[in-house]
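Asker: Numbering (the working numbering), first residue to last: 2 to 142.
Every residue, glycine too, gets a C-beta built ideally from N, C-alpha and C.
Quick one: structure below, then a few questions.
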């Protein structure tokens, strides 16, 4: 929102920074003083333009809408057996996973190796993994 343009009136005087909604005027205040005072000055500008600029910044671009037929053509194919194949509803095509299985196994072994050095935590981990395994697959391995 800040445009980077700034104006300074000199040392120990107010300065202004330009933003998408107008100018922001500020001043440095010494931290040793125990009291604080706040002053707000407002200049009425064409608010319609400022508000519309604000909403342009905050709005999400509209997605192109497909008709039902276009969506069907884009997401369905018929294979050689005559069956319809429907692609998974990803927002974008998933990237190739590569050798993620080997990487996951390496990380798992590294985790177990570090947990073996901490027997109390390792036993809790094994208990949790067993419960998770039972819930997910119906049996502990």
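For residue 7, write down the residues that DSSP places opposite it in a beta bridge.
Answerer: Along the chain shown, read from residue 1 onward, the residue named residue 7 stands at position 6. Paired residue(s): 18.
Asker: Do the segment 84–91 and the segment 47–57 make contact, defined as three or more Cβ pairs closer than 8 Å?
Answerer: no
Asker: Please state the DSSP three-state secondary structure of residue 142.
Answerer: If you number the chain shown from 1, residue 142 lands on position 141. Note that residue 142 scores 45 on pLDDT, short of 50, meaning its location in the model is unreliable; the coordinates nonetheless yield the value given after this. Of the three classes helix, strand and coil, the one that applies to residue 142 here is coil, per DSSP.
Asker: Quick check: the Cα distance between residue 16 and residue 7, rounded to an integer number of angstroms?
Answerer: The count along the chain shown starts at 1 and reaches residue 16 at position 15. The count along the chain shown starts at 1 and reaches residue 7 at position 6. Their Cα atoms are separated by approximately 7 Å.
Asker: Would you list the one or two residues that DSSP bridges to residue 77?
Answerer: In the chain shown, the residue the question calls residue 77 occupies position 76. DSSP lists 87 as partners of residue 77.
Asker: Express the C-alpha separation of residue 82 and residue 103 in angstroms, rounding to a whole number.
Answerer: Mapped onto the chain shown, residue 103 falls at position 102. Mapped onto the chain shown, residue 82 falls at position 81. When rounded, the distance between both Cα atoms is 35 Å.
Asker: Secondary structure at residue 122, three-state DSSP: helix, strand or coil?
Answerer: The residue given as residue 122 occupies position 121 in the chain shown. Looking at residue 122 - three-state DSSP - the assignment turns out to be helix.
Asker: On a Cα-Cα basis, can you pick out the residue from 11, 29, 39, 5 that is closest to residue 23?
Answerer: In the chain shown, the residue the question calls residue 23 occupies position 22. Minimum Cα distance to residue 23 is reached at 5.
Asker: Starting from the C-beta of residue 122, find all residues in its chain whose C-beta is less than 8 Å away, skip the five residues before and the five after it, and write them out in chain order.
Answerer: Numbered from 1 along the chain shown, position 121 holds the residue referred to as residue 122. Close CB contacts of residue 122 within its chain, under the 8 Å cut and outside five residues either way in sequence, are with 116 (chain order).
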